[in-house]
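Engineer: So the sequence lines, in the order shown, correspond to chains S and H.
Each position in the first sequence, counted from 1, maps to that position plus 4 in the numbering used here.
Each position in the second sequence, counted from 1, maps to that position plus 280 in the numbering used here.
Before I ask anything, here is the structure I am working with.
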Amino acid sequence: MLPFKSKYPTSTPKVDQGIKVRGEAKYTDDIVMPGMLFAKTVRSSIAHGEILSIQKPKLPEGYYWVDHKDIKGENVVNIIFSDWPVFAEKKVNFIGEPIALIVGPNKGELDRLVNEVKIEYKEETPVFDFTESYIHKAFTKGDIASAKKKAVKVIEEEFSTGYQEQAYLEPQGLLVYYDEEHRVTCVGSVQCPWYVHRAVVRACAIPTEKVRVIQPAVGGAFGGKEHYPSLLAAQLATAMLKINKPIKMCFERPEDITFTTKRHPSKSKYIAYVDKDNNILGMDVQVKLNGGAYKGCSGVVLSRALIACVNVYNIPALNVAGDVYMTNTVPTAAFRGFGSPQTIFASEMFIHHVAKDLGVDPLELRMKYLVKEGDITTNSGKFHDPIILPALIEKAMEMSDYKRKIKEYSKPGCNKGIGMSFFLHGCGFTGSGESDIIKGKVKLIKDEKDIVHVYASSVDMGQGNKTTLKRIVAKNLDIPNEQVVFDNPDTSIIPDSGPTAASRTIIIVGFLMEKAAKNLKKIWKSGVRQEHIEPYVGPSYIKWDEETMQGDAYPSYAWGVNVVEVEFDPITYQIETKGVWSTYDVGRVVDERIAVGQADGGIVQGLGYGYMETMRCEKGRFRQRSLSDYIVPTAEDIPHMETAFIDNPFIYGADGAKGMGELTLVGGAPAIALAIENAIGKKVNDIPCNPEYIMELMKNGKN
Amino acid sequence: MGQKIIARTLSEAIEALAKYDCNIVAGGSDIMLQKRNTAGELPRFEKDVLFIANIEELHKEYVDEEGLHIGATMTLEEILRHELTPNVLKDCLKELASVNIRHFATLPGNIANASPAGDTIVVDILLDAKLKLTSIRGVRYVSAEDFVQGVRKIDLAKDELIEEIIFPKYDFDKLIWFKVGSRKAESISKLAFAAAYKLDGEKIASIRLAFGSVFMKAIRSHELEKELEGMSLKELGSRVEEFTEKYGKVISPIDDQRSTKSYRLEVTKNIVRDFLTTLAKGGN
């Protein structure tokens with residue numbers, strides 16, 4: 005065998021690559037326990053109405069029916085806003101809402117029994133449009149009234165974005181059983197072990213120490229396993245308390261696509277107030293998100309959408325408002341980017357369209373409003389740290405030959421296009437949430453053999469933090485990587501270092517690891533068992549008021565530039581991606597290959613969101629219910645990608661590192677939409693910008 | 281599920297078909313999805329299952345005076361790599377499903393599945409392919425075009441097996457395969473187009489156009505082909521729009537999870553227009 009030569013000399017081999025490539029990694033569905041039963045969900049077949057009666061099938065011996073009457077605690081899934089019932093009681097609010105579980109030894113028999121359940125409903129008129137707001141947020145910046153008064157031109161446009169399905173490789177799944185200490189133990193494909201833990205405690209009314217969550221190998225999540233597993237865990241734990249046997253429920257793809265949470269579709273309206281010298285004096289921004297039947301985490305998604313609503317631009321005056329709308333559809337929830345992909349798309353398109361309408365060069369207009377260190381943020385806070393966006397832009401333009409190409413491709417009929425997006429992403433929880441709400445902790449235990457065990461609740465779902473966090477610890481203890489062990493989280497032994505979400509793993513948990521390792525090093529005694537717990541202390545200058553949405557929205561920001569080149573086929577309206585170039589400021593890269601992995605995967609998911617991934621919901625039912633109909637880009641669809649990182653260390657990050665998980669997704673859609681716009685000579689206002697939509701643009705679109 | 285019969289010879293297979301009511305499985309890439317059960321459980325076959333992939337005598341591709349014969353157990357990947365396979369069929373197979381599927385799937389399976397989006401059926405009807413249907417009663421031949429009667433409807437008796445597909449000899453200057461999918465690999469067609477023509481100086485000697493995914497089955501218009509045959513390229517040049525519109529009326533696409541009716545209609549017309557325009561200029 006040839007020795008593997010890494011392209012990235014600063015990288016270590018991914019710690020789990022061997023077991024994953026060999027198929028030895030144990031995922032939830034690989035775990036089999038003696039006497040284990042399976043569960044299948046009985047779901048609502050209507051979008052909105054009242055359950056009048058349920059006719060259960062005759063259950064064979066060893067089969068059980070579990071519903072809301074079996075819930076020992078509260079019938080809610082513990083999410084940020086807990087309005088989603090574990091099992092519907094009287095009302096159903098979307099097609100597919102769980103009403104009961106049937107539990108038993110044979111999955112085929114469970115399918116048959118579930119199909120035999122007859123439910124009589126009193127149907128009510130469902131809501132599918134943006135008519136019933138159930139969350140509203142608003143804030144202003146500067147003097148918007150005077151901006152309006154001084155304006156000589158008013159430019160107004162609307163944008164929309166569609167659903168996006170996480171399309172993780174491993175569908176949702178969870179197994180619940182009593183462990184040897186009679187704890188209700190959940191093993192599942194989860195992002196946030198402690199979220200699942202709290203959901204079980206609340207739904208089952210059992211003491212905290214009687215619940216345990218263990219993470220097996222996780223095959224991707226992208227936000228889809230941030231909250232949804234809490235629902236499965238509450239259901240299965242309820243069933244397990246009744247039946248007293250291990251119970252597993254793993255979704256197959258159609259059930260996963262059809263009934264689990266996705267990205268919020270959005271509609272937004274942008275209005276720019278411009279003076280006679282083509283200065284943008286202010287903007288009105290209205291954002292509408294489709295939250296589905298339950299609020300869940302939608303309020304926070306809206307917050308993040310609004311915070312990002314003018315992206316990297318310092319617009320002097322803003323009037324920002326947003327709503328989440330209740331519809332009788334599958335609830336929408338967390339997805340990599342968490343609200344910002346919607347508004348970063350809209351704002352990047354809008355500033356281009358404003359420039360076109362004013363007859364000025366879009367790049368010049370954008371550069372004029374680029375935020376700088378010390379500037380006031382969208383939420384009237386301050387950009388505390390150095391901003392190197394101009395360097396990122398320059399590098400990306402040089403890598404892609406942007407200036408020459410944009411000029412050349414703007415000639416009509418050449419059917420080629422290039423687009424460049426600028427973007428930022430807040431790292432960690434909003435405002436001072438990391439210090440005040442999450443209060444993450446990590447623990448290091450050094451055993452008698454001087455092996456260091458890392459205890460944190462960060463889940464490696466493929467993104468590589470088992471490798472990176474381990475590396476941070478090893479580096480700061482000045483010991484080889486092999487001397488550090490980082491097993492999958494188990495809440496019976498790990499502290500709560502917070503969820504694996506919000507691009508916080510490296511910037512927050514990594515920072516904690518670095519400090520913990522440095523502190524352990526100070527007291528290091530060889531051959532002795534030692535333990536160190538490190539609590540999070542964030543930057544004290546970060547002040548944020550969630551109510552008014554004023555202040556510093558994030559402890560720090562990561563930045564990026566994506567350039568995408570496309571070719572347009574005027575016969576089929578298809579788009580071919582010809583080139584992708586990216587530059588990022590993620591503080592400092594911990595492991596280059598893993599960072600490039602995040603960059604490549606992130607932009608492909610962002611490009612898919614922008615031009616390919618199409619999911620339509622008709623009368624509460626998704627039209628695309630398989631991965632042969634819900635199309636994500638394959639390697640064939642994506643050309644070679646070039647990525648460069650420019651260092652800009654953050655003082656509160658591990659060795660200067662900031663977050664990058666979400667950052668790499670958010671610029672993909674506007675970059676390809678701008679490239680398509682350049683190629684077809686028509687304004688793009690909606691994504692996915694698929695061939696069907698491009699055909700409409702070619703007929704009726706605006707130049 | 282009833283009994284499982286693994287046939288090793290053609291006669292074993294047709295005898296089983298005479299006796300039992302069977303689902304015939306070669307690669308199973310379509311039927312295993314239709315009969316699929318929850319993961320880990322056996323598929324739900326209501327009928328008996330006749331497994332034919334091991335029939336060695338059908339595992340062949342050869343040419344005789346009649347044309348090219350492709351046996352029922354040749355996988356698509358084997359056909360793709362076979363030197364006798366016409367390029368137009370290779371072009372179609374290259375873009376069909378995934379490598380994994382192509383290692384199981386067969387041509388008879390694709391046509392017997394009778395999906396409106398079955399890509400190889402478009403090539404079958406373009407090349408006037410015939411199916412050899414064998415039973416203990418004897419042999420009969422049916423054209424690919426007549427074999428598929430509608431969505432999932434085929435002309436196959438309960439005791440018949442598609443023994444092979446025969447592509448008669450043809451003489452064309454050019455053959456074209458063009459698929460519009462949602463992405464560049466592993467995609468099911470939004471629409472598909474295949475064409476063939478032969479020129480006689482400045483005249484069209486013969487011409488065929490076939491369409492997939494835009495009607496309840498793969499479709500050709502023999503009437504329009506007759507109108508075009510013998511036409512001078514100059515005349516064609518002045519009547520491109522007329523024929524584009526006429527072909528637009530041959531098809532009748534629908535809205536579904538993969539595309540829209542209007543996109544399928546518009547793009548099919550664009551492709552026809554482009555094809556005829558190029559042809560009017562002498563082809564290529």
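For glycine and all other residues, C-beta sits at the position ideal for the given N, C-alpha and C.
Buried or exposed: where does S/E377 fall if 16 or more other Cβ atoms within 10 Å of its Cβ makes it buried?
Structural biologist: The residue in question, S/E377, is exposed, as its Cβ has fewer than 16 Cβ neighbours within 10 Å.
Engineer: Which residue's Cα is closest to the Cα of S/K407: S/E569, S/K360, S/Q609?
Structural biologist: When each option's Cα is compared against that of S/K407, the closest is S/E569.
Engineer: For H/V547, return the contacting residues in chain S, with the cut-off set at a CB-CB distance below 8 Å.
Structural biologist: Near H/V547 (Cβ distances below 8 Å), the residues of chain S are I575, T576, Y577, P695, M699.
Engineer: Quick one: Cα of S/A225 to Cα of H/V520, how far?
Structural biologist: When rounded, the distance between both Cα atoms is 52 Å.
Engineer: Applying a beta-carbon distance threshold of less than 7 Å, which residues of chain S neighbour H/G320?
Structural biologist: Going along chain S in sequence order, the residues near H/G320 (Cβ under 7 Å) are K111.
Engineer: Mind reading off the beta-carbon distance from S/A675 to S/V567? Whole number of angstroms is fine, and I expect it under 8 Å.
Structural biologist: The pair is a contact, with the Cβ atoms about 6 Å apart (cut-off 8 Å).
Engineer: For S/I635, which residues in chain H fall below 7 Å Cβ to Cβ?
Structural biologist: Per Cβ cutoff of 7 Å: S462, R463, S467.
Engineer: Figure out for me which residue from H/E425, H/N390, H/V402 has the closest Cα to the Cα of H/A476.
Structural biologist: Here the closest residue by C-alpha is H/V402.
Engineer: How big is the Cα-Cα spacing for S/F42 and S/Y577?
Structural biologist: If you take the alpha carbons of S/F42 and S/Y577, they lie about 47 Å apart.
Engineer: Report yes if the CB atom of S/I348 is closer than 8 Å to the CB atom of S/A395, and no otherwise.
Structural biologist: Going by C-beta atoms, S/I348 is not nearer than 8 Å to S/A395.
Engineer: Once DSSP output is grouped into helix, strand and coil, what is the label at S/M153?
Structural biologist: Residue identity check: residue 153 of chain S is Lys in the sequence provided, not Met. Three-state result, S/K153: helix.
Engineer: What are the start and end residues of the beta strand (DSSP E) that includes S/L41?
Structural biologist: First-last of the beta strand (DSSP E) with S/L41: 41-47.
Engineer: For S/D260 and S/M702, what's the separation of their Cα atoms in angstroms?
Structural biologist: Their backbone Cα atoms lie some 36 Å apart in a straight line.
Engineer: Strictly below 7 Å CB to CB, what residues from chain H border S/R627?
Structural biologist: Within 7 Å Cβ-Cβ: Q537.
Engineer: Got a sec: is the Cβ-Cβ distance from H/F554 to anything in chain S below 8 Å?
Structural biologist: One detail in the question is off: residue 554 of chain H reads as Asp in this sequence, not Phe. Chain S contact via Cβ: present.
Engineer: Using DSSP with H/G/I as helix, E/B as strand and the rest coil, what is H/L403?
Structural biologist: According to the sequence provided, residue 403 of chain H is Val. The question's Leu does not apply to it. Here H/V403 sits in helix by DSSP.
Engineer: Give the interface partners of H/N317 over in chain S, defined as CB-CB distance under 9 Å, in chain order.
Structural biologist: K111, G112, D115, listed in chain order.
Engineer: Please identify the residue among S/G53, S/D133, S/N652 whose C-alpha is closest to the C-alpha of S/E124.
Structural biologist: Answer by Cα proximity: S/G53.
Engineer: Please state whether DSSP places H/L436 in a helix, a strand or coil.
Structural biologist: H/L436: coil per DSSP, three-state reduction.
Engineer: With DSSP as the reference, please indicate the residues paired to S/S586 in a beta bridge.
Structural biologist: According to DSSP, S/S586 bridges with S/N566, S/T647.
Engineer: Are any of the Cβ atoms in chain H nearer than 8 Å to that of S/E640?
Structural biologist: Chain H contact via Cβ: present.
Engineer: Please list, in chain order, all residues of the same chain as S/N469 whose beta carbon is under 7 Å from its beta carbon, the five residues on each side excluded.
Structural biologist: The answer, listed in chain order, is S462, T509.
Engineer: Going by DSSP, what residue range makes up the alpha helix (DSSP H) through S/W198?
Structural biologist: Start and end: 197-208.
Engineer: How would you list, in chain order, the residues of chain H whose beta-carbon sits under 7 Å from the beta-carbon of S/S632?
Structural biologist: Result: I468.
Engineer: Just to make sure I have the definition right: I need the residues of chain H whose C-beta is within less than 9 Å of the C-beta of S/M616. Which are they?
Structural biologist: Within chain H, the residues near S/M616 are S462, R463.
Engineer: Three or more C-beta pairs under 8 Å: does that hold for the segment 445-458 of chain H against the segment 518-538 of chain H?
Structural biologist: No, because fewer than three Cβ pairs between the segment 445-458 of chain H and the segment 518-538 of chain H fall closer than 8 Å, the two stretches do not touch.
Engineer: Is there contact here, the segment 165-175 of chain S with the segment 273-287 of chain S, by at least three beta-carbon pairs under 8 Å?
Structural biologist: Output reads no: the segment 273-287 of chain S does not touch the segment 165-175 of chain S.
Engineer: Could one say the Cβ of S/E569 lies closer than 8 Å to chain H's Cβ atoms, at least one of them?
Structural biologist: With 8 Å as the cut-off, S/E569 does not count as an interface residue toward chain H.
Engineer: Taking 8 Å as the CB-CB limit, is H/Y527 close to chain S?
Structural biologist: No, no contact with chain S.
Engineer: Counting only the same chain and skipping the five closest in sequence on each side, list residues whose C-beta sits under 6 Å from that of H/F331.
Structural biologist: I286, V305, listed in sequence order.
Engineer: Against chain H, with Cβ distances strictly below 8 Å, would S/E120 count as a contact?
Structural biologist: Judged by the 8 Å Cβ criterion, S/E120 is not in contact with chain H.
Engineer: Looking at chain H, is there any beta carbon in it that lies within less than 8 Å of the beta carbon of S/E256?
Structural biologist: Yes, S/E256 lies at the interface with chain H (some Cβ there is under 8 Å from its Cβ).
Engineer: Report the CB separation of S/L63 from S/L117 in whole angstroms; it is logged as a contact under 8 Å.
Structural biologist: Yes, S/L63 and S/L117 are in contact; Cβ-Cβ is about 7 Å, under 8 Å.
Engineer: Identify the continuous alpha helix (DSSP H) that holds S/T668 and give its terminal residues.
Structural biologist: That run of the alpha helix (DSSP H) goes 667-670.
Engineer: Does H/N393 get closer than 8 Å to chain S when you measure Cβ to Cβ?
Structural biologist: Judged by the 8 Å Cβ criterion, H/N393 is not in contact with chain S.
Engineer: S/S351 and S/N315 - do their beta-carbons sit closer together than 8 Å?
Structural biologist: Cβ atoms of S/N315 and S/S351: closer than 8 Å.
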